[in-house]
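Take a look at the structure below.
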Amino acid sequence: MKIGIFFGGASREREISFAGGRTVYDNLDKNLFESIPIFVDSLGNFILLDWQYVYKGTIRDFYPPIQSVPDSAHGFQVYIESLGELSEEKINEIITHVGKRIFPHEFKQYFEFAFLALHGPYGEDGTIQGLFEWLGIPYSGSGILPSAIGISKSAQKLLTSGKSNSYKSLVINRKQWAEATDKTALLDKIRVKVGNQFVVKSPNQGSSIGITVLSSPTTKNLEEAMLKSFFIEKITSSKWKGFDAETKISWLRELTDIKTGIGLPVYIQDIKVSHPEELYTLLENHFSKSDQDIFLENPDGEYEVLIETKLNGKEFSCIVIQDEDGNPLALPPTEIVKNTEMFDYRSKYLPGMIRKVTPINIPEDQIENIRKATCELYKELLFNVYARIDGFVTESGEILLNDPNTTSGMMPSSFFFHQAAEIGLNPSQFLTYIIRTSVAERLRGGKNSYALNKMLSDLDIAIEENKMSTLERIRVAVVMGGYSSERHISVESGRNIYEKLSSSAKYKPFPVFLTGSSENIEMFEIPINIMLKDNADDIKENIQLALDDKKHPILKKIIEEAKSITGKYVANATYYPKKINISELAQKADAVFIALHGRPGEDGTLQIELEKVGLPYNGSGIESSKITINKYETNELLAKNGVKVARHRMAYKNEWAQDNEAFYNQIEKDFPYPFITKPADDGCSSAVKKIKNRKELEAFSQLIFRQKEAKEALWANVMQLKYNEEFPQKQGFLVETLIEKGDALHFLEVTGGLLTKKGSNGDCIYEMFEASETLANGGILSLEEKFLAGEGQNITPARYAKDKVRRQKISDQVKKDLQKAAEILKVQGYARIDAFVSIFENDRTETTIIEVNSLPGMTPATCIFHQTALNGYKPYDFIDGILKWGMGKSIE
């Protein structure tokens, strides 16, 4: 059955839609479905996307294609709406670089069912649902009316008034806001209506877009919140002139970001501004001549703003699904434990930023009240197939539902998959359930009944055959977690590997969680529901609870209630973890995929144990791993063999403890500011900092040499650490010179992947991929830029030169340099090597190696997949190649 996956779109959550669409594309059961990627651009064009672009980190990494984007002096990346007014001919030309433009009347030629991974306006508001109804194509999720209700928070208030919620709200439209010249009187009116603390919301946006929590409202922060929700920005002369040149650019970047700012295009009175460079020039010109304030207004801003009482209590999210008779079933509600008042974009989608507790930690009867209330609201709002309903439970036990949604984020660790796993459905099985239930729901609509009945009948037969299949598959233990500072990212990598393998016909993966310490490594075979917990620490905690037989009674109850659903898709669901040792692992697995980052996966420790029991594994061997885990030793070995590296030295805790002042003085003598500091033996994004002065050097040293795990706020603030940012404790750290452009004509940071294969005579052949150019907003790639969907800018292939022939010539040289480093270090299997590239006159090229990652991140958004796609590998094919090497090496 051909499934058209619709993703992207025009909304402010288009990047999450893009990442969710990729998850669906990869996780649809290949025994049942064929995935057809239909990318919807922000102008509303439908594009049959060439598959390699599905694996780009962000939409802007491939669309609009680089050939169509004008040069930007400040390196702004833009969406297609920033290219100004485009002719149909130009749009068609742009689209041909990434796929094929298709029109609604052609849809039936390409797919039989539409899976909607779109968010926000035009995606979950009934618009596209109406299009599919007209075309007679079944689609996923709710129908037209419930979708229209689900997108409008204002409509929900009217429909549920006096029923589901007892908290107060107020709507203010643009005209009322403009006419309210006395903002103090308006604030008093709001306080009387909704209370002294309230939330200002954009009523037609996603749950983390255009929202401000006002715990201590003033006329000033009320105005800021209202403008934010209307998607209007007020810029004063003092504000703009107060920025230095660098801050102006970073501020403009944030302002024009569709998630955190107002986006583009904007209107200034009647002048339309589409590009950030154009906006920069306009602001510079205006404020050089005038002190008059400027108002920027997004043309798709909100007409009205919703103001609600600030709810206090425990926040939760609950997925509601339905059985074959159309009756709603609430899955176990998840408590959202967060550090900030608002569950923002970063908290939502970056691993390890929040805790998700399932079920919510309240008395059982209150959990049942949540489930009952969400099911009632599901029926009241006429939702179909599935929904995500958010709310609060107060200290008195009152249930307040404040955000019903007809769709959900479809990232691997989203509530959508997280809660389904609690009843025993893995992501692939849950997506099959969504498709089957959606076909049945469309059948209830009384249109195309004969065709839909046959589709449903054929699908039911295929599902049953697939469930009972006894096909022999290769058993792969996917080991994730660990105890390094990148354990949360490891879980994301491991989940991604598991999901890619589980939807294949060749492999039968099972997740293994590794924890403990260097003195005592522990491994657990874990069920899917525990694997899909939000982060490594949550997984560890839930393993212990399950081993102590403290599985929540509500989970047992829901599993029983859901048997009519799970029984259709799962032959033998498991719900409990089991501790295993290496010998037991060897009995259960034919191979191991090590998805760990840092120790004990990248240092040879686990590899030693696996080789003892004859288990093949991915990646480099023991001796190579022992070297590449240590950035100092790696640098030393490469430099000794004529490979260019940064000037470097180790700085040790015992030196620092003996004499702080002498320690700092010596580093400052050897390395002029700014320079780089980082742990010598940790992940590629862990505590890597650009040190600009003595205060920062002191702070870095205090943090990395601290005795206790807790970080002192004073030093954390100096280093501008984000909430929950990992910062390891070490006995030493690496200091390196900051590599800069110098006399080079062109200078860029790149990261290049590789895969090894066996040659005809059994030797190791390196396949070097085109490197990605990495653009860091803050000078050094952050965790978000590496691993958060929609963040980071990776351009693949790297832009060494505008001329294609010259670009390829330089690229070939860089690949040769990276391969030389890999050969010296005896890296095998696969790896990613980070480097700086300096290009001089006559294209003379210097490659400076930064570090070698022998088990690189394999999260869905990682750039190694962009690179492998250019060589014809889908992520599954790349993973298959990695395992083939490991198993072939073992046979040898």
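Residues 178 to 1069 in my numbering are what the sequence shown lists, from first letter to last.
Just so you know, even glycine gets a beta-carbon here, dropped at the ideal spot from N, CA and C.
Neighbour-count burial assignment, residue i, 16 or more Cβ in a 10 Å radius
i: W1086; result: Given that the chain is displayed from residue 178 to residue 1069, the structure contains no residue 1086 and the question cannot be resolved.
i: G673; result: One detail in the question is off: residue 673 reads as Asn in this sequence, not Gly. When all chains shown are included, N673 counts as buried.
i: E190; result: buried
i: R976; result: exposed
i: T1036; result: buried
i: R664; result: buried
i: V982; result: exposed
i: G967; result: Below a pLDDT of 50, predicted positions are generally treated as unreliable, and G967, at 48, falls in that range; no measurement from the model is reported.
i: W833; result: buried
i: G623; result: exposed
i: L691; result: buried
i: R380; result: A small correction: the amino acid at residue 380 is Pro; Arg does not occupy that position in the sequence shown. Result: buried.
i: H825; result: buried
i: Y627; result: exposed
i: I785; result: exposed
Cβ-Cβ distance between residue i and residue j below 7 Å
i: Q374; j: K487; result: yes
i: P510; j: H729; result: no
i: V616; j: L602; result: no
i: V1091; j: E512; result: Since the displayed the chain opens at 178 and closes at 1069, residue 1091 lies outside it and no answer follows.
i: R619; j: P315; result: yes
i: G568; j: N579; result: yes
i: K207; j: S680; result: yes
i: D502; j: I742; result: no
i: V912; j: A828; result: yes
i: K888; j: F904; result: yes
i: Q606; j: G574; result: no
i: L874; j: Y841; result: yes
i: I576; j: N546; result: yes
i: F223; j: V217; result: yes
i: G659; j: V668; result: no
i: L815; j: V822; result: yes
i: H296; j: S188; result: yes
Whole-number beta carbon distance between residue j and residue i, since they are thought to touch under 8 Å
i: P851; j: K872; result: Rounded, the Cβ-Cβ distance is 13 Å, inconsistent with contact.
i: S1031; j: G919; result: With 8 Å as the limit, S1031 and G919 do not qualify as a contact, their Cβ atoms being about 30 Å apart.
i: A1012; j: T1024; result: 5 Å
i: F258; j: L225; result: At residue 258 the sequence reads Glu, which differs from the Phe that was named. Actually they do not touch by this definition, with Cβ atoms about 21 Å apart.
i: L399; j: L364; result: 6 Å
i: A1046; j: Q254; result: Incorrect: roughly 19 Å between the Cβ atoms, too far for contact.
i: S1091; j: F560; result: Any property of residue 1091 remains undetermined from this structure, which presents the chain solely from 178 to 1069.
i: G909; j: A857; result: 6 Å
i: E902; j: N204; result: Contact doesn't hold; Cβ gap of about 30 Å is too wide.
i: M708; j: P686; result: That belief does not hold up - the Cβ atoms of M708 and P686 are roughly 10 Å apart, past 8 Å.
i: Y1007; j: L925; result: Between L925 and Y1007 the Cβ distance is about 23 Å, and since that is not below 8 Å, they are no contact.
i: I731; j: V656; result: Actually they are not in contact, since the Cβ atoms of I731 and V656 sit about 31 Å apart, beyond 8 Å.
i: T396; j: T361; result: 6 Å
Sequence-distant residues of the same chain with beta carbon closer than 6 Å to residue i, five excluded per side
i: Y555; result: V497, P505 and A564
i: S414; result: F464 and D468
i: I326; result: A332 and L558
i: Y240; result: V275
i: S392; result: Q374
i: D767; result: I651 and R652
i: K756; result: F701
Own chain partners of residue i with C-beta closer than 7 Å, once the 5 adjacent residues on each side are dropped
i: D780; result: S802, K803 and I806
i: L347; result: I367, K370, V371 and I484
i: A294; result: I182, F183, F184, S194, G197, G198, V201 and M587
i: G1065; result: K935
i: V246; result: V255
i: W354; result: M403
i: S949; result: V927, T928, N971, I972, T973, A975, C1040, H1043 and Q1044
i: Q596; result: I496, L508, P509, T511 and T535
Spatial neighbours of residue i in its chain, beta-carbon cut-off 8 Å, leaving aside the 5 residues before and after
i: K683; result: R650, I651 and D1057
i: E1000; result: Y943
i: L648; result: A682
i: Q237; result: Correcting the residue identity first, residue 237 is Arg in this sequence and not Gln. Taken in chain order, the residues that qualify are Q254, V255, Y256 and Q970.
Exercise for the section: Decide yes or no for the touch test of the region 689-703 against the region 794-809: beta carbon pairs closer than 8 Å, at least 3 of them. Expected result: no
Exercise for the section: Mind the definition here: the region 372-391 touches the region 479-494 only if three or more C-beta pairs lie below 8 Å; say whether that holds. Expected result: yes
Exercise for the section: Give a yes or no on contact between the region 442-451 and the region 328-335, applying the rule of three or more CB pairs nearer than 8 Å. Expected result: no
Problem - Cβ contact check for the region 729-739 and the region 631-646: 3 or more pairs under 8 Å - result: no
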